[in-house]
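First residue of the sequence shown? That's 1 in the UniProt record's numbering, and the numbers climb one at a time after it.
Using N, Cα and C, we set each Cβ at its ideal position, and we do this for glycine too.
Scroll down for the structure; my scribbles are underneath it.
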Amino acid sequence: MDPVHATIHPEVPGEKTKIGTSLVDTAASAIQSFGPTKQIHQHLCAFHFYADDMTRQVEAHHYCGHRNDEMRQCLIYDSPDADARLIGLEYIVTEDLFLTLPDSEKPLWHSHEYEVKSGVLFLPGVPGPVERKDLEKVAKTYGKTIHFWQVDKGDDLPLGLPQVMMALTRDGQLYPSLAKDTSSPNFTSQTGTDWANRASSKKTKKSFHVRTQNTRFKLGLFGQTGPMWRLGIVSPSKRRGRTGHIWRV
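Okay, structure coming up:
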């Protein structure tokens, strides 16, 4: 089954922006400070799937700012274009903060380790050495993602309940057609390598190996049965194949 693409933006209902509205916006922007949005300093691209349906996958462009050294908050758009739709948000915390969360909360979060190590999470246009330095930190973080606009369904407005989203956890989950879309000029790094080459490079370069302490726990997707999905905490120090506590949500 192939994903429904939403690269062509549907016309949002309502009148087009009038000149008078644009003039008011321009005047306001010259006076107001926009403090929160000025803290956005980073563009991350990744792919999300719906927590209750892995077959529904969407491209997600994160525009992020730091709350402090252990937390980032991101606005998520469906493309990097000026007319992109704001489809959701993500909170990103360090592993130390994640481990302080109640057990009932942890299943709503996902690890970024596989995304970084496989290359499916990257910084468009950023040179490799600079990208690598930051992503080594991101690999050890966890995210809580909520989407409000189901663009993969072709909705022209944000409809329905907010949706919890998850991240890829192993090879073969991402639809090839989605990966191919990101190998366009918009996603070509300054070193001239596209997404596929970056993914291959990150799998083979020893210098990019991500190390985690054996005492830490990892959150991963174990399986799905219809609308029910299961997440589990696995201790790397435990015997191979043995799992920790399993939650049903």
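{"Check": "Element boundaries [alpha helix (DSSP H), containing D52]", "Outcome": "No alpha helix (DSSP H) holds D52; DSSP gives it neither H nor E."}
{"Check": "Buried/exposed call for I31, threshold 16 Cβ in 10 Å", "Outcome": "exposed"}
{"Check": "Exposed unless 16 or more other CB atoms sit within 10 angstroms - verdict on T100", "Outcome": "exposed"}
{"Check": "V164 - containing beta strand (DSSP E), residue span", "Outcome": "Q163 to A167"}
{"Check": "Nearest residue (CA-CA) to C74, options V93, S118, Q173 and R56", "Outcome": "V93"}
{"Check": "Selected residue, minimal CA-CA separation from D171, among T145, G119, L86 and Q150", "Outcome": "G119"}
{"Check": "I76 in three-state terms, based on DSSP", "Outcome": "strand"}
{"Check": "Start-end ranges of the alpha helix (DSSP H) lying completely within the segment 77 to 107, minimum 4 residues", "Outcome": "95 to 98"}
{"Check": "Alpha-carbon spacing of Q213 relative to Y114, whole angstroms", "Outcome": "For Q213, the pLDDT reaches just 31, beneath the cut-off of 50, and the residue's location in the model is therefore unreliable, although a value from the coordinates is still provided. Each residue's Cα considered, the two are about 16 Å apart."}
{"Check": "Alpha-carbon to alpha-carbon, L174 and L86", "Outcome": "22 Å"}
{"Check": "Validate contact between the segment 152 to 168 and the segment 39 to 49 using beta carbons, cut 8 Å, 3 pairs", "Outcome": "yes"}
{"Check": "Y142 - containing beta strand (DSSP E), residue span", "Outcome": "T141 to H147"}
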